[in-house]
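Protein chains in written order, with the working numbering: chain A, 290 to 1087; chain B, 82 to 273; chain C, 87 to 305.
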Amino acid sequence: MTTRWFGEKVERREDERLLRGAGRFLDDAGHDALAVAFVRSPHAHARIRGIDAGAALDVEGLVAVYTWDDLPGRLADPLPLLIPHPDLTHPRTQHALARGEVNHVGEAVAMVVAVDRYVAEDAADRVVVDYEPLPPVVGIDAARSAEHLVHADVPGNVAAVTTQELGDARAAIAAAPRVLELDLAMERSLSSPLEGRGVHARWDADDGRLRVRTSTQTSTGVRAAVANILGLPDVAVEVVTPDVGGGFGTKVVHPYPEEVLVPWAARLLGREVKWVEDRFEHFVSATHERGQQHHVRVGFDDDGTILGLQVEFWHDTGAYAPYGIVLPIITATQLPGPYRHRHYRVTFTSLYTNTVTCTPYRGAGRPQGCFVMERTIDRIAEHLGLDRAEVRARNLIGPDEFPYDFGMTFQDGRPLIYDSGDYPALLARVRELVGWDGFAAEREAAAGEGRLLGIGLACYVEGTGVGPYEGGHVHVETNGRVMVATGLTSQGQGHETVFAQIVADELGVDMADVYVTTGDTRRFPYAVGTYASRAAVMSGNAVALAARAVRAKAIRIAADALEAAAEDLDIEGGVVHVRGTPTRGIPLSQVAVLSNPLRYSFSKEAQAATQFAAPADPDVPPVSDGDEPGLEAREYYSPVRSTFAAGMHAAVVAVDPDTGAVDVVRYAVVHDCGPLVNPMLVEGQIQGGVAQGVAGALYERMAYDDAGNLCNASFMDFLMPYLSEVPTPTIAHLETPSPLNPLGIKGAGEAGVIPGSACLAAAIEDAVGVRIDRMPISPPELWAALAVRQPDGSGAGG
Amino acid sequence: MSEHAPLTAADLHEVVVTVNGVARAARVPARRLLSDLLRHELRLTGTHVGCEHGVCGACTVLLDGEPVRSCLTFAVMVDGARITTVEGLAGADGELGPVQRAFRECHGLQCGFCTPGFLLLATDLLARRPDPTDDEIADALGGNLCRCTGYVNIVRSVRRAAALAAASTPGAPGDPDRRDGPDATDGAEEAP
Amino acid sequence: MKASFPVDAPPEAWAAMADPNRLAAALPGCRSVTRGDGGGGGAGDGAGAGRTGVGTMHVVTEVAVASVRGLWAGTVARIDADAVRVQGSGVPGTVDLVVRADPDRTVVTVEGTVEGPLATVGSSVLAAALRRTAEDLLAAAAAPAEPGLPAASAAPAGPGLPAAAAVPAGPGTTGNLTVDVADTRPDLRRRRRLLVLAGALVIGGAAALGRRLVRRGAV
């Protein structure tokens, strides 16, 4: 099969409507719906003694105020624990509306429904909640000390403790000639997509259908939750994901309280109900991530070869743990990076704090793991006086060592086995791209001009294409349109384009005739979701398999009609024809007519198709055993395990010693996600990821005070980068195909962000000789560190 | 004891605006934001609301030719004004304008939520400076947030838009409401 | 639903509520209040179901709670000395509630079922509306008396202001309020007026119990 679309920089189908302002985001529909506002806790930890809606009565346009007392059946139970784990001994999830206790500022206490959002907020302001404040637990140190508890029945604030091990790290370290210990930390951040969350629901009494639109990364997940919690049959609940203005992980946890409350209220009131969060709400009730502290012991030899690595870390899961311990498991299993470990032991403790719940944000634990591994290698190199790239090169898994089995369990519950890659080639390429080898001269020249330059490098391996499956449905209609559906969702990745490229190639049709729908449970009801850099791998392969099945069926039917052998047929431009004789063919639209024995001639194509109809065999039923009417197929792709992409970033920074400002002078990315379906889109993903990586290194943190108030809950104080803060990366690609899936592709969605903090920390440290072991680092912090710098590069107190 | 002060529906004020060349009217309370007027009363949902506190710029529209944040503007303040939203950027025949075509060519958008704001800023920039330098582009676009693209392709799109606009029309494209040409100096800053 | 709240009212308010005219005038949205005509009292469930029509009031009233508006009709029947049962239906919904006061008449509890639109406003709104109406009614009843028609002259419920939930009335019952002074049930003890609450409950209960106290006092 010659590919015409796969690998091409095809312009996106989505852009036509998005550029006209004709996108259909959550709040773009439902103008007549009732609006919702929530009364949210202003306390990080408190008991609720009473809720008085008296003053809200006088707000004209008020429809209802709901509290936990109003929630029926399972809606009154804690929300589901999405991902249980045997080591998650103390799982806690929130109630849809607080039941007697609140555990973070922003937790939903009461739901106000009114004629519009302005009125709903007026009413919400007037609902008086009588709180009895309790001592809050803020930050990992406070959680560990356990002087106070977040949940009274969770001793030590410990949700889980887990250990995974390869070999015997403690023995290996004890026997190693050299040992280093270090402490590394990353602060909390959040996804902060530009479009916040929203839910819009309508109960269609005529059809008995609860129609839900939600700005989510998983329609099928929300559907299952809504159906189960509201006690409705699956078939009665439809969830359609509209255009989504970014997800970045926070929209994959489900159900958010609002995702079950809004549909419930819509059904109860018999009215359309819509909730659209504002930015403050997003900061205090959409999930956060990244906060972790790590302690490392590493044993190595004089060459810098790692002999044993032991990591202990503490993960801040916030007030609740609906996502279980997936995040720290990812850190634990992705920390090893591209290096040849024989002895690695990792133990983590997941701790509750009185802050917003943590679930994945792009990278999902990998940025932390990468930061730890890369800072450790840098420290080894510094200790030995060796080049940092050289030490890495000595430890890299070689291209002939795949599959490389870590003997551990990955986030998908499957063995952690790297399937393919060429790490030495990546390293060589990134060194070249950033100018690693000639940097000493560059640094000297800059120093002569009074500029402090530094260079840093960071490597990562990323498990992508996490299972268990995705499905694809391809249907050639009698009008010639190829309708494709897959259940996972889109938040700007260009799925309508990428999947159309794949199907067009597999089927032999023009891309313009392929229409892709994602995230609509009516069109495809079995799916997992868009996260973990899995969509291209999972749904890409699923629609490819479905398209292949359709192709095979089309050829079979056409072979009959054309009285030719199947192996002599090709499909090009939507026409099935005899190879070498393009005039002897039959268009797919007519094949579609032929595929359905009930052939009404309702169009010219149908009439034309009848010329191919052979007389029916009276001894064979029109639809034979195992066959189905219609030119369509539904196939699933289910991987045996994840497939591992990899990459390396390198950066040159200039530090202003007078202000602590950091300027990213050069940023190089070498990236391997296997073959690229649409190179333009992959680059876009990397550029966006790099922006978030730089932001996480220099700007973004959640500023909680000791009382648990989020002090920077707005864009004024949470420093998302503008254009001027983001470098333009130079990007090079490597392609080591994955042996695990038919298309040979790997995921790319999170790659850009993973090594950002590690890379920039290394570069800053290289520039100014100050230990950077905690990210983000702001100019004042860097300036202060410079001010107390000791000759050996350590901070005050050595 | 709770207060019993009633909060009745506010008085409505009539607002008449010309949006994308079409006269529109609505009756809104004084506190209604322009972004809500456009999106809900006038059903022009292309203008998006990202923060409602004036930082992200997704809600940017052109008000009497100048970019403003519609989330920081009350609808009653714009009575009698001329507004351009993203829905007004396509040609009369429905063809995408040069700025829009450039963004599509250069993959200047991913989720599309911030895009209308950037399109209008770019339109305004090119109306004033048909051949902007990179500094001028950064200056014009540097106050709008994008979470998806990392801005690289947005900048490339604006450069490309300048080229497309120069190639397709003798004068600069731009906000049809602007009464001035590209060299106007009615208070607009000269680029450094 | 179940709601309870403290009550505190001066004797004049109670006395005023014993006057059906004053009561009807004080209840916003009320259309009519009629004495029960002896039809069978509430059967069965609930403690000491009220007997016969004596102490049964029929009320028709406009109701407004949050955005729920509409006409409602129902009955209030005494269960025992401390409680009345309110039943009835209308556009705002169907109600079957027991209104009970503690012996010291400092706390009132409302318990039972609410169905229909009123059941969708949320328990905190409903509880606040009940309490508000009771407070407003007592306050209005304490004001100087005005001659005139009951109910029909009452101002319609304002937007957002909870009017009386209808005292459930038997269907089709109309007529002016009358006072039954013939009740001589021997088990009645002298006690503080039972505070009646929101809507339905208020009129019939107060009227029913208020009459007793007036009569008692007169004896």
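By construction, the Cβ of each residue, glycine as well, lies at the ideal position given by its N, Cα and C atoms.
Contact set for residue i: own chain, Cβ-Cβ below 7 angstroms, skip 5 residues either direction
i, result
"residue 720/A", "678 and 726"
"residue 697/A", "453, 455, 622 and 705"
Chain C residues whose Cβ lies nearer than 9 angstroms to that of residue i
i, result
"residue 340/A", "210"
Closer than 8 angstroms at the beta carbon, the chain C residues around residue i
i, result
"residue 343/A", "214, 217 and 218"
6 angstroms CB neighbourhood of residue i in its chain, flanking five on each side removed
i, result
"residue 428/A", "none"
"residue 614/A", "374, 377, 449 and 639"
"residue 779/A", "807"
"residue 199/C", "182"
"residue 480/A", "537, 538, 539 and 650"
"residue 635/A", "453, 600 and 621"
"residue 365/A", "none"
"residue 667/A", "677 and 1051"
Within chain A, partners of residue i - CB distance below 8 angstroms
i, result
"residue 207/C", "352, 353 and 354"
"residue 184/B", "304 and 308"
"residue 95/C", "Within 8 angstroms Cβ-Cβ: nothing; residue 95/C doesn't reach chain A, min ~18 angstroms."
"residue 306/C", "The structure shown does not extend to residue 306/C, since chain C spans only 87 to 305, so no value can be given for it."
"residue 223/B", "1011, 1012 and 1013"
Neighbour list for residue i in chain A, Cβ cutoff strictly below 7 angstroms
i, result
"residue 100/B", "Near residue 100/B there are no residues of chain A at all, since even the closest Cβ is about 12 angstroms away, more than 7 angstroms."
"residue 90/C", "The contacting residues do not exist; residue 90/C stays about 12 angstroms from chain A at best."
"residue 99/C", "Within 7 angstroms Cβ-Cβ: nothing; residue 99/C doesn't reach chain A, min ~20 angstroms."
Rounded distance between the beta-carbons of residue j and residue i, thought under 8 angstroms
i, j, result
"residue 531/A", "residue 741/A", "Contact doesn't hold; Cβ gap of about 48 angstroms is too wide."
"residue 1003/A", "residue 134/B", "6 angstroms"
"residue 656/A", "residue 772/A", "Not really, about 39 angstroms apart at Cβ, beyond 8 angstroms."
"residue 96/B", "residue 174/B", "Not really, about 30 angstroms apart at Cβ, beyond 8 angstroms."
"residue 964/A", "residue 1026/A", "6 angstroms"
"residue 644/A", "residue 985/A", "Not quite, the Cβ-Cβ distance comes to about 18 angstroms (not below 8 angstroms), so this is no contact."
"residue 954/A", "residue 966/A", "At roughly 32 angstroms, the Cβ-Cβ gap does not stay under 8 angstroms, so residue 954/A and residue 966/A are not in contact."
8 angstroms Cβ shell around residue i - same chain, five flanking residues per side excluded
i, result
"residue 309/A", "none"
"residue 335/A", "390, 391, 420, 421, 422 and 423"
"residue 561/A", "319, 321, 322, 323, 489, 490, 491 and 555"
"residue 484/A", "314, 315, 504, 533, 534 and 535"
"residue 440/A", "379, 381, 392, 446 and 641"
"residue 544/A", "368, 369, 510, 511, 514, 515 and 518"
"residue 1036/A", "751, 753, 754, 821, 822, 823, 824, 825, 826, 932, 934 and 962"
Interface partners of residue i on chain C, CB under 7 angstroms
i, result
"residue 359/A", "208 and 209"
"residue 558/A", "206"
Cβ neighbour criterion (16 or more within 10 Å) applied to residue i
i, result
"residue 1124/A", "Not covered by the structure: residue 1124/A. The range shown for chain A is 290 to 1087."
"residue 90/B", "exposed"
"residue 993/A", "buried"
"residue 355/A", "buried"
"residue 124/B", "exposed"
"residue 93/B", "exposed"
Chain-ordered chain A contacts of residue i [CB-CB under 9 angstroms]
i, result
"residue 274/B", "Outside the modelled stretch of chain B, which goes from 82 to 273, sits residue 274/B, for which no answer is possible."
"residue 194/B", "307, 312, 314, 482, 483, 484, 532, 533, 534, 535 and 781"
"residue 112/B", "407"
"residue 168/B", "309, 310 and 311"
Closer than 7 angstroms at the beta carbon, the chain B residues around residue i
i, result
"residue 348/A", "88"
"residue 969/A", "188"
Cross-chain neighbours of residue i in chain B, by beta carbon under 9 angstroms
i, result
"residue 300/A", "185, 186 and 188"
"residue 980/A", "227, 228, 229, 230, 231, 232 and 233"
Partner residues on chain B for residue i, Cβ-Cβ distance less than 8 angstroms
i, result
"residue 255/A", "With chain A running from 290 to 1087 in the structure shown, residue 255/A is simply not present."
(request) Output the residue ranges of the alpha helix (DSSP H) runs that lie fully inside the region 1014-1077 of chain A and measure 4 residues or longer, sorted by chain position. (result) 1045-1057 and 1068-1076
(request) Could I get the ranges of all uninterrupted beta strand (DSSP E) runs contained in the region 462-514 of chain A, with 3 residues as the minimum, in chain order? (result) 467-475, 487-493 and 498-503
(message) If we require 4 or more residues per run, which alpha helix (DSSP H) segments fall completely within the region 782-865 of chain A?
(response) 784-796 and 824-851
(message) What ranges does the beta strand (DSSP E) occupy inside the region 520-556 of chain A, keeping only unbroken runs of at least 3 residues that lie completely in it?
(response) 526-529
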